[in-house]
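Presented below is the structure to which this report refers.
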Amino acid sequence: MASTAEGRATRFGGTLADPVVVSLTLPADVRSVGRARAAVREVLSTTRADDLLEPAQLATSELVTNAVVHAGTEIGIRILAVGRALRVEITDGSTRLPVKRMWSATAGTGRGLHVVDQSSERWDVEAGPRGKTVWFEIGHLPRALQPNRSGASPVDAEHRESTVQVILLDMPLLMHRAWQEHAATLLREFLLYTLEADPAVLDDHAAASDALSILDEQLPRPTLPVDPEELMANLVEPTVTGRQVILDVPTSSVPHFAVLDDVLSRAGAAAQDGLLLGPPTQPEIREMRQWLCAEVTAQAAGPATPRPWRARTDARQPSDKDAALGPTHRDLVPLEEPVIATDQRYVIVAATPPILRFLGYRDETELLGRRILVLIPQRYHQAHIAGTTFHATNGRDVLLDRWITVPVVRADGSEVPVELRVEPRRLTEDDWIFVATFRVG
């Protein structure tokens with residue numbers, strides 16, 4: 033078998049039954065995706081297996097994209113085709129193994145390996161001390177051409193990288209699950225936004241993705257029920273918090289957590305300024321990220337007492353003293369009904385007299401500008417923050433547009449169960465409010 037730097041298809045023999053092989057090395061550049069697809073297209077054209085082209089190019093695109101954005105190293109590509117069979121191998125310099133993320137079907141990212149799974153008949157990953165190879169096959173290669181996998185195994189003990197153990201106390205597992213999708217979406221959008229002006233962002237993106245993957249692989253994932261009643265019953269404290277979670281971080285990955293914090297801070301600022309499609313980050317999600325990254329950095333540096341997670345943001349304090357609906361939008365909130373409305377930051381922008389009387393507030397100024405969390409019992413705070421993050425990131429709306437029974441906190445701190453229905457209503461092309469209508473006695 034031969035290798036050509038240009039990736040030209042090389043046939044051995046001269047008949048359609050002979051193997052065709054292409055090997056090439058590409059840079060960590062988004063343009064490499066197109067070059068890899070072109071190489072697959074040329075090989076399949078040579079073997080006249082054009083019907084394999086669509087799934088093969090789709091799987092190749094996903095794997096090369098993953099290598100570009102997650103590894104940030106040179107990418108080796110080897111394509112082998114014979115008759116009705118194809119094998120494509122993508123090699124990069126990262127030892128982090130890819131994982132199929134169990135994210136929402138509506139998530140904007142995180143489905144790459146699911147696409148490979150659906151486009152190919154077989155795929156796997158082979159790890160080594162200096163990188164990995166992800167391969168997929170369509171059809172069945174002749175036995176003589178099947179690779180000898182006797183040496184293709186996970187990294188053995190003598191090459192296995194050392195790790196540091198990090199102890200996470202009071203880890204907010206539900207918020208973490210929502211943050212994973214939100215962070216991955218922000219990272220990808222920020223990469224596309226900044227890549228042309230700053231090609232070095234690929235290295236930062238690869239490092240940040242590595243840190244994000246370590247957390248996603250090791251931290252427990254709470255199950256997200258679809259049934260609203262089951263959701264409300266199960267996703268409350270203390271079941272959504274890990275009192276002590278052990279994280280094993282490869283030594284070489286420790287610096288990547290500082291990069292993750294920095295890149296997401298910049299991406300969050302860009303989202304806040306409306307430069308990205310992804311939603312801005314909620315305060316508690318941002319604080320959790322900062323705490324996670326700081327705990328890894330501090331504990332890896334030497335003996336350090338783990339600090340438990342605590343939200344610093346006080347939901348009882350106004351976050352926007354000027355929050356209120358404009359006069360042209362008042363018709364969206366009927367004053368005679370018990371209604372509370374929030375903006376997309378979940379800050380209260382309207383509260384009608386009937387609901388104010390029910391909750392024990394003198395007038396709406398006591399609620400305007402405060403986050404809706406002030407009306408939600410503490411044990412539901414994680415569920416609310418995670419749920420609104422899921423909705424903003426991928427549109428998950430299990431509790432929207434239906435009547436549900438929930439406890440609310442009154443002005444004096446007491447709780448009372450109420451029925452409510454939350455509906456999104458458009459203000460402008462880009463702005464929405466969420467209107468909660470209550471059934472009160």
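Residue 73 in the numbering used here sits at position 41 of the sequence shown, and the numbers go up by one each step. C-beta: ideal position from N, C-alpha, C; glycine also. It should be emphasised that the depicted structure is a prediction, and the values quoted were computed from it without experimental measurement.
Buried or exposed (CB count within 10 angstroms, at least 16 for buried), residue i
i: L367; result: exposed
i: T337; result: exposed
i: G278; result: Residue 278 is actually Ile in this sequence, not Gly. When all chains shown are included, I278 counts as exposed.
i: H172; result: exposed
i: W211; result: buried
i: W464; result: exposed
i: D375; result: buried
i: H327; result: It is Glu, not His, that sits at residue 327 in the sequence shown. The residue in question, E327, is buried, as its Cβ has 16 or more Cβ neighbours within 10 Å.
i: R458; result: exposed
i: R402; result: buried
i: A299; result: buried
i: Q276; result: exposed
i: T226; result: buried
i: E213; result: buried
i: K353; result: exposed
i: P51; result: buried
i: E451; result: exposed
i: W5; result: Absent from the structure is residue 5, since the part of the chain shown begins at 33 and ends at 473.
i: S194; result: exposed
i: E228; result: exposed
i: A265; result: exposed
i: S446; result: exposed
i: G419; result: buried
i: G104; result: buried
Residue i vs residue j beta-carbon contact at 9 angstroms
i: L296; j: L201; result: no
i: L206; j: A355; result: no
i: V272; j: P350; result: no
i: V3; j: F168; result: Residue numbering for the chain in the displayed model covers 33 to 473; residue 3 lies beyond these limits and cannot be assessed.
i: P87; j: S152; result: yes
i: I372; j: A468; result: yes
i: R71; j: I109; result: In the sequence on display, residue 71 carries Ala and not Arg. Their beta carbons are under 9 angstroms apart, which means A71 touches I109 by this criterion.
i: L56; j: R73; result: no
i: P254; j: L267; result: yes
i: V314; j: Y378; result: What sits at residue 314 in the sequence shown is Gln, not Val. Their beta carbons are under 9 angstroms apart, which means Q314 touches Y378 by this criterion.
i: F422; j: L308; result: no
i: L234; j: V101; result: yes
i: P456; j: T437; result: no
i: A159; j: L129; result: yes
i: L84; j: I170; result: yes
i: A215; j: R344; result: no
i: V430; j: P311; result: no
i: P282; j: A239; result: no
i: A333; j: V198; result: no
Three-state secondary structure assigned by DSSP to residue i
i: P370; result: coil
i: L296; result: helix
i: V120; result: strand
i: L219; result: helix
i: E153; result: coil
i: E327; result: helix
i: A356; result: coil
i: D280; result: strand
i: S185; result: Any reading at S185 needs caution, since the residue's pLDDT is 44, under 50, leaving its predicted position unreliable; the model's value is listed next. Of the three classes helix, strand and coil, the one that applies to S185 here is coil, per DSSP.
i: V148; result: helix
i: S241; result: helix
i: D248; result: helix
i: R377; result: coil
i: G473; result: coil
i: T397; result: helix
i: T105; result: coil
i: A468; result: strand
i: R453; result: strand
i: A137; result: With a pLDDT of 42 at A137, under the threshold of 50, the modelled position of that residue is not reliable, and no figure is offered here.
Residue interval of the alpha helix (DSSP H) (run including residue i)
i: T92; result: 85-98
i: G66; result: 63-78
i: E461; result: Neither: E461 is in no alpha helix (DSSP H) and is coded neither H nor E.
i: P386; result: 385-391
i: E262; result: 260-266
Span of the beta strand (DSSP E), counted from its first residue to its last, around residue i
i: A415; result: Where A415 is concerned, there is no enclosing beta strand (DSSP E), although the alpha helix (DSSP H) it sits in stretches over 413-426.
i: I408; result: Taken as a continuous stretch (DSSP letters only), I408 belongs to no beta strand (DSSP E), as it is neither H nor E.
i: L432; result: No beta strand (DSSP E) contains L432, which DSSP labels as neither H nor E.
i: Q197; result: 195-204
i: T55; result: Reading the sequence as shown, one finds Ser at residue 55 and not Thr. S55 -> beta strand (DSSP E) spans 52-58.
i: W167; result: 163-170
Chain B contact for residue i (CB, 9 angstroms cutoff)
i: V281; result: Reference to chain B is not applicable here, since this structure consists of a single protein chain.
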